[in-house]
Amino acid sequence: MYSKLVARVKFRGNYSDYFHLTTGLMQGESISHTLYSLYVRDIEGALESGNCEYLTINDVNLYLLMYADDTVLLSESPENLQNMLNTLSNYCYENNLNVNVNNSKIVIFKNGGKIRENETWTYEGKDLEIVKSFNYLGVVFNHNGKFSLTQKTIAQQASKACFGLQRIIHENYFNLETSIALVSTCIVPILNYCSEVWGFHSADDVERVQITFFKKILGVRTSTCNALIYHELGLCPLQIYRKICMIKYWLKLLKGKNMLLVSCYSDMYDCLLNGKSYNPWLDNVKCILEENGFGNVWISQGVSRTSIYKRINTTS
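Mapped onto full-length UniProt numbering, the consecutive letters of the sequence shown carry residue numbers 1 to 316.
Written out as structure tokens, the structure is:
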């Protein structure tokens with residue numbers, strides 16, 4: 001399948017000549033991610049053989065996170081992270097793999113303070129840039145653990161989509177019902193992307209994108225009361241939907257079989273229960289349940305029939 005691999009580039013409706021591909025996997029091929037996973041299946045063993053230290057979350061030992069060809073190395077000390085980078089370099093050399101150093105960044109997760117003298121890292125002799133935030137799989141992770149920048153980035157992306165959608169609605173003279181349906185289909189999924197994780201944030205920028213677009217569709221002033229717009233359209237702020245997404249994801253975690261996610265949740269719950277640390281996501285889940293009369297669900301940590309509860313929670 002890969003002996004005579006060719007591709008071509010499409011640009012503004014035109015196609016380039018075919019050219020041969022000698023490295024990598026086919027883009028868009030359904031089994032490419034599986035082939036890559038099989039090829040690097042021993043990378044954890046290489047880190048273990050390199051005497052790299054792992055993170056321990058309850059009973060789970062964690063060296064790295066991987067999604068397709070995106071890799072995140074996790075470490076609690078500068079020295080261990082450099083050892084992991086050196087081990088990764090040897091592994092890539094032995095397996096004919098290349099790391100894009102220009103796109104590789106370091107994020108030091110802490111509340112503040114200056115970068116220490118020993119907090120510098122290199123990969124094959126090249127310095128790695130230290131940044132305060134990084135966009136991983138569409139979610140911006142900030143060094144302080146907050147999601148303010150995440151919702152701002154999502155709002156900017158949705159604003160661009162709104163601009164294109166507004167032009168389409170204007171050119172095709174869509175009625176109000178169709179326009180709202182297009183917003184729900186094309187814009188809302190962008191605004192609520194991964195809100196299961198960051199949905200506890202007020203996300204004023206995200207809310208502003210939707211309500212501003214609705215006001216343009218209705219042809220009213222930007223100073224018009226938001227509550228009046230939502231009442232007229234029979235809708236509600238996105239914050240309500242984000243809270244529902246959080247509760248659904250919480251129920252999924254309780255019933256989940258992913259050992260990493262289950263261990264992370266168990267650790268967060270124990271810390272919250274014993275007052276060891278404050279977790280805004282889990283604390284908000286607790287508040288949402290108690291404020292809506294489901295305090296018993298939080299105490300029991302789950303419901304017997306999840307599907308029925310989800311329907312009740314959505315309608316309420």
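Note that the Cβ used here is the ideal one computed from N, Cα and C, for glycine as well.
For clarity, every value in this text was computed on a predicted model and none was experimentally measured.
Residue span of the beta strand (DSSP E) that contains TYR67, given as start and end:
Taking the first residue of the sequence shown as position 1, residue 67 is located at position 67. Going by DSSP, TYR67 is part of the beta strand (DSSP E) stretching over 64-67.
Give the DSSP-derived three-state secondary structure of LYS255 in the structure shown.
Taking the sequence shown and counting its residues from 1, the one referred to as residue 255 is at position 255. Residue state, collapsed to three classes: helix.
Are three or more beta carbon pairs between the region 86-94 and the region 128-137 nearer than 8 Å?
Here the region 86-94 does not lie against the region 128-137, with fewer than 3 beta-carbon pairs under 8 Å apart.
Which residues DSSP lists as bridging HIS20, in chain order
Translated into the one-based positions of the sequence shown, residue 20 becomes position 20. HIS20 is bridged to VAL6.
Cα separation between ASN258 and VAL139?
Here residue 258 refers to the residue found at position 258 of the sequence shown. Here residue 139 refers to the residue found at position 139 of the sequence shown. Distance between the alpha carbons of ASN258 and VAL139 is about 21 Å.
My understanding is that LEU62 touches LEU260, with C-beta atoms under 8 Å, so please give their C-beta distance in whole angstroms.
Counting from 1 along the sequence shown, the entry for residue 62 is found at position 62. Counting from 1 along the sequence shown, the entry for residue 260 is found at position 260. 7 Å between Cβ atoms; contact.
Segments assigned beta strand (DSSP E), at least 3 residues, entirely inside the region 133-211
Counting only runs of 3 or more, we get 133-136 and 139-142.
Quick one: measure Cβ to Cβ for TYR57 and CYS264, integer angstroms, because I've assumed they're closer than 8 Å.
Walking along the sequence shown from the start, residue 57 turns up at place 57. Walking along the sequence shown from the start, residue 264 turns up at place 264. In the sequence as presented, Tyr is not what sits at residue 57; that position holds Ile. Confirmed, Cβ separation roughly 6 Å.
To the nearest angstrom, report how far apart MET268 and LEU47 are at their CA atoms.
In the sequence shown, counting from the first residue as 1, residue 268 sits at position 268. In the sequence shown, counting from the first residue as 1, residue 47 sits at position 47. About 27 Å.
Which parts of the region 277-308 are runs of the beta strand (DSSP E), unbroken and 3 residues or longer, counting only runs that do not cross its ends?
Those beta strand (DSSP E) runs which fall completely within the region 277-308 and span 3+ residues do not exist here.
Determine the contact status of ASP70 and LEU5, defining contact as a CB-CB distance below 9 Å.
Position 70 of the sequence shown, counted from the start, is the residue given in the question as residue 70. Position 5 of the sequence shown, counted from the start, is the residue given in the question as residue 5. No. Outside cutoff.
Helix, strand or coil at ASN90 [DSSP, three-state]:
Indexing the sequence shown from 1 puts residue 90 at position 90. Note: ASN90 maps to helix in three-state DSSP.
Drop a sphere of 10 angstroms on the beta-carbon of HIS231, count the other beta-carbons inside from all chains shown, and report buried for 16 or more, exposed for fewer.
Stepping through the sequence shown from its first residue, residue 231 is reached at position 231. Residue environment for HIS231: exposed (fewer than 16 other C-beta atoms within 10 angstroms of its C-beta).
How would you write the range of the alpha helix (DSSP H) that THR34 sits in, first residue to last?
By 1-based counting over the sequence shown, the position of residue 34 is 34. 32-39 is the span of the alpha helix (DSSP H), which, as asked, contains THR34.
Three-state secondary structure (DSSP) at GLU48?
Taking the sequence shown and counting its residues from 1, one reaches residue 48 at position 48. Under the three-state reduction of DSSP output, GLU48 falls in the helix class.
Leaving out five residues on either side along the sequence, give the residues of the same chain with a beta carbon under 8 Å from the beta carbon of ARG208.
On the sequence shown, residue 208 is found 208 positions in, with the first residue counted as 1. Taking ARG208 as the centre and dropping the five residues before and after it, the same chain places the C-beta of ALA155 closer than 8 Å to its C-beta, in chain order.
Which listed residue (ASN86, ASN144, GLN82 and LEU97) has its alpha carbon closest to that of GLU119
Here residue 119 refers to the residue found at position 119 when the sequence shown is read from its first residue. The candidate whose alpha carbon is nearest that of GLU119 is GLN82.
Between the beta-carbon of VAL99 and the beta-carbon of TYR67, is there less than 9 Å?
Mapped onto the sequence shown, residue 99 falls at position 99. Mapped onto the sequence shown, residue 67 falls at position 67. No. Outside cutoff.
Distance between LYS243 and LYS216 (C-alpha atoms, nearest Å):
Working through the sequence shown from its first residue, we reach residue 216 at position 216. Working through the sequence shown from its first residue, we reach residue 243 at position 243. Distance between the alpha carbons of LYS216 and LYS243: 26 Å.
Which residues share a DSSP beta bridge with ASN61?
The residue labelled residue 61 in the question sits at position 61 within the sequence shown. Its beta-bridge partners are THR56.
Within 9 Å, strictly: CB atoms of GLN151 and VAL188:
Within the sequence shown, numbered from 1, the residue matching residue 151 stands at position 151. Within the sequence shown, numbered from 1, the residue matching residue 188 stands at position 188. Cβ distance not < 9 Å, so GLN151 and VAL188 don't count as in contact.
Return the residue from the list VAL101, SER148, LEU64 and TYR39 that minimises the CA-CA distance to GLY125.
Start at 1 with the first residue of the sequence shown, and residue 125 comes out as number 125. Looking only at VAL101, SER148, LEU64 and TYR39, the smallest Cα-Cα distance to GLY125 is reached by VAL101.
Per DSSP, what kind of secondary structure is VAL101 in: helix, strand or coil?
Along the sequence shown, one-based indexing puts residue 101 at 101. DSSP places VAL101 in helix when its eight states are reduced to three.
For VAL285, the nearest candidate out of ILE247, TYR241 and SER300 (CA to CA)
The residue labelled residue 285 in the question sits at position 285 within the sequence shown. Shortest Cα-Cα distance from VAL285 to any of ILE247, TYR241 and SER300 involves ILE247.
Please report how far the alpha carbon of ASN51 lies from the alpha carbon of ILE190, in whole angstroms.
Numbered from 1 along the sequence shown, position 51 holds the residue referred to as residue 51. Numbered from 1 along the sequence shown, position 190 holds the residue referred to as residue 190. Spanning the alpha carbons of ASN51 and ILE190 requires a straight line of approximately 42 Å.
Can you round the beta-carbon distance between PHE213 and CYS162 to whole angstroms, since I take them to be within the 8 Å contact cut?
Looking up residue 213 in the sequence shown gives position 213. Looking up residue 162 in the sequence shown gives position 162. About 5 Å; that satisfies the 8 Å criterion.
Evaluate SER277 with the Cβ neighbour count: other Cβ atoms within 10 Å of its Cβ, from every protein chain shown; 16 or more gives buried, anything less gives exposed.
Here residue 277 corresponds to residue number 277 of the sequence shown, with the count starting at 1. The C-beta of SER277 has fewer than 16 other C-beta atoms within 10 Å across all chains shown, which makes the residue exposed.
Could you check if ILE240 is buried or exposed, using at least 16 other CB atoms within 10 Å of its CB as the buried criterion?
Indexing the sequence shown from 1 puts residue 240 at position 240. With fewer than 16 other Cβ atoms within 10 Å, it is exposed.
Counting C-beta neighbours from all protein chains within 10 Å, is the total for ASN192 16 or more, i.e. buried, or is it exposed?
The residue labelled residue 192 in the question sits at position 192 within the sequence shown. With 16 or more other CB atoms across the displayed protein chains lying within 10 angstroms of its CB, ASN192 is buried.
Report the rounded CA-to-CA distance for SER223 versus ASP204, giving the unit in angstroms.
Counting from 1 along the sequence shown, the entry for residue 223 is found at position 223. Counting from 1 along the sequence shown, the entry for residue 204 is found at position 204. For SER223 and ASP204, the gap between their C-alpha atoms comes out near 16 Å.
Assigned secondary structure, LYS243 (DSSP; H/G/I helix, E/B strand, else coil)
Within the sequence shown, numbered from 1, the residue matching residue 243 stands at position 243. In this structure, LYS243 counts as helix in the three-state DSSP scheme.
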